[in-house]
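Each remark here refers to the structure printed beneath this line.
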Amino acid sequence: MDTSQLLKGVLDLAVLAVLRKDDGYGYDVVRRLRAGGLNEVGDASVYGTLRRLYNAGMLTSYVVPSEEGPHRKYYSINETGRARLAESRETWRSFASTLDGLLEEVAA
Amino acid sequence: MNTQALGVEHYLAGMRAALDDLPPNEVAEIMEDVEAHVAELSTELGENETLEQRLGSPEQYAQELRQAAGYPSRTERLPVTTKQQWLTRPRAAAWGLAVATGVTLLAGAAALREPAVLLFPAVILALSLALVNDRGPVQQEIMNLPETHRLKKWLTPEEGTPAERALTYLRSLQPAWWLVRAGLLGLGAVLLAGRDILGFLAIAAIAVVSVFAGPRAKVDRRWLWFSLPASALAVGLLVQVIDVTANQLAYNTSRSSYPAPVVESYDNIYAYDENGKLLTNVLLYDQDGRPINAPQSYDSCNNTNGPEPVIPANRYPRPKIDYENGVCYTVAPGVSAPSSTESTTPSTSSSTSGSATPSSVPPTSVSPSK
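Order-wise, the sequence lines are chains A and B.
No gaps in the numbering here: position 71 of the first sequence is 443 in the working numbering, and each next residue is one more.
No gaps in the numbering here: position 181 of the second sequence is 514 in the working numbering, and each next residue is one more.
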């Protein structure tokens, strides 16, 4: 099964989740997602998701000057983002358990 | 190293080209992210590795980013919105919102007198929101309108300028404004409570919902169709409350400083015919047949000659007493004494005195007692 298709629906949730504890700039978020096991996540998808979450008011951003190379724009989750994360997590859990249930029946 | 730097520049230029149909602000934000990303990636590249191998072509990168960010994809956007469709649904909805907010501001100033005027902007809002309700919470199409860009640009001055600091400060007050707004709307509802129960219920409902609408609009722009007009209504109500209070204050102070009603102060009336001749013994009555009496009476003229007033009080011109002789005379306005011979002369020289003030007329002697 193509994981990238599955990932599309839950990338919001994944990005909010990795920003929950620490702020991060784009590539940082990509690395955390990959370190968390989402190897197939595309760089551009993560950047696009960050923009969308930002435009939806769930993230704030600030720029940290860098001595070598361009400045880094950090994203941090705000209250709205946390609320959405909590909400999406519930949705995901019930969805996952529903699907688990269905798969169990098939196996049995 | 040099070739790598060149590669980065080339890649970024390709990205910009692939995104150049998006709002410039948004492109700038994206490129801030992407420049750092590409720069960092380029340092990780192996000997013979290129950015394209790691990230795909700039166009592919841009397309993937667009999809994830929820921007319209370039291929479907370009043919649709190049001048062919000027009046799009997002544009109509945005202008509907702007117009309805303006109308609400004006209507808000009259809402306490006639709450039904609010129905007009409410209808515009409902219609314009219906146009774009299915376009999702971000309303990217409205955000992409040129007029939205201009407004956004105007609202985001350069960083560090006083205007930018002022705006940042005002933004920080936004949650406070949401509460103040609810308070003002609540006050408006209370002021209506005794007179218009429907108006009271409507404005009270708006007040309650407005508390939630502010934060919701941050996440879902469709709430702006509620939040912006609610602010306008609150401001309108505030203006009206201030207006009413100021009027009452002005009324109170005017009453205390002028205990008696001000009456025009005239104490005689001179009637002239069309030839400029002073008419004497004119009796004036109002529409009910009551004599029109100038406020000040001329008791002295009557009293000197007898106990009973023989001349009716509404007969004009009233005689003027000449204290030196104890005789009552009728004199034209501006002439002080009937005995002076000078006053008779200028009656013919009309050019200097003009038509507004009739030239003086020789005084007519009136016998006060029969």
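Every residue gets a Cβ at the ideal spot worked out from N, C-alpha and C, and that includes glycine.
- B/Pro562 has its alpha-carbon roughly 35 Å from the corresponding atom of A/Val387.
- With respect to the C-alpha of B/Gly403, the residue from A/Ala416, A/Asp472 and A/Glu477 having the closest C-alpha is A/Ala416.
- Between the segment 462–474 of chain B and the segment 552–566 of chain B there are three or more C-beta pairs closer than 8 Å, enough to call the two in contact.
- At a cut-off of 8 Å between beta-carbon atoms, A/Thr452 makes contact with chain B.
- Assigned with DSSP and collapsed to three states, B/Tyr394 falls in helix.
- In terms of beta-carbon proximity, A/Pro437 stays away from the interface with chain B, with every pair separated by 8 Å or more.
- Taking a 10 Å sphere around the C-beta of B/Trp487, we find fewer than 16 other C-beta atoms and assign the residue as exposed.
- About 7 Å separates the beta carbons of B/Ala535 and B/Leu451, which is inside the 8 Å limit, making them a contact pair.
- A/Val436 has A/Arg444 as its beta-bridge partners, per DSSP.
- Straight-line spacing of the CA atoms in A/Val436 and B/Leu420 works out to 42 Å.
- Not flagged as an interface residue toward chain A: B/Val360, since no C-beta distance is shorter than 8 Å.
- A buried status is given to B/Ala567, since no fewer than 16 other beta-carbon atoms sit within 10 Å of its beta-carbon.
- In the structure shown, the three-state DSSP call for B/Leu612 is strand.
- Residue contact check for A/Ala428 against chain B: a CB pair falls below 8 Å.
- Ranked by how close their Cα comes to the Cα of B/Arg446, the residues B/Arg648, B/Ile602, B/Ala538 and B/Val577 have B/Val577 in first place.
- Only those residues of the segment 469–483 of chain B whose C-beta falls short of 9 Å from the nearest C-beta of chain A are listed: Pro470, Val471, Gln473 and Met476.
- Counting along the chain, B/Glu491 sits inside no alpha helix (DSSP H), nor does DSSP assign it H or E at all.
- For secondary structure counted as the beta strand (DSSP E) over 3 or more consecutive residues, the segment 339–368 of chain B holds no complete run.
- Collapsing the DSSP output to three states places B/Pro652 in coil.
- Secondary structure of B/Tyr603 (DSSP, three-state): coil.
- Taking 9 Å as the upper bound on Cβ-Cβ separation, chain B lies near residues Tyr397, Gly398, Tyr399, Val402, Gly414, Asp415, Ala416, Ser417, Val418, Tyr419, Gly420, Thr421, Leu422 and Arg423 of the segment 393–423 of chain A.
- Short of 7 Å from the beta carbon of A/Thr375, and not among the five residues preceding or following it, lie these beta carbons of its own chain, in chain order: Glu412.
- For A/Gly381, none of the residues of chain B pass the 7 Å Cβ criterion, the least Cβ distance being about 12 Å.
- In this structure, B/Ser375 lies away from B/Leu388, with their beta-carbon atoms at least 8 Å apart.
- Distance from the CA of A/Asp395 to the CA of A/Ser460, rounded to the nearest whole angstrom, comes to 20 Å.
- DSSP places B/Pro624 within a strand segment (E or B) once states are collapsed to three.
- Closest in C-alpha terms to B/Tyr599, from the list B/Pro650, B/Gly609, B/Ile575 and B/Asp606, comes B/Pro650.
- Rounded to the nearest angstrom, the gap between the Cα atoms of B/Asp353 and B/Val360 is 7 Å.
- Taking a Cβ-Cβ cut-off of 9 Å, the neighbours of B/Ala401 in chain A comprise Lys380, Leu383, Gly414, Ala416, Ser417, Val418, Tyr419, Gly420, Thr421, Leu422, Arg423 and Arg424, given in sequence order.
- Contact check for B/Ala401 and A/Thr421: beta-carbon distance about 5 Å, within the 8 Å limit, so the pair qualifies.
- A/Asn427 counts as buried, since no fewer than 16 other beta carbons sit within 10 angstroms of its beta carbon.
- Cβ atoms of A/Leu457 and A/Arg392 come within 8 Å of each other, at about 6 Å.
- In this structure, DSSP gives B/Gly532 a helical state, which the three-state scheme calls helix.
- An exposed status is given to B/Ile625, since fewer than 16 other beta-carbon atoms sit within 10 Å of its beta-carbon.
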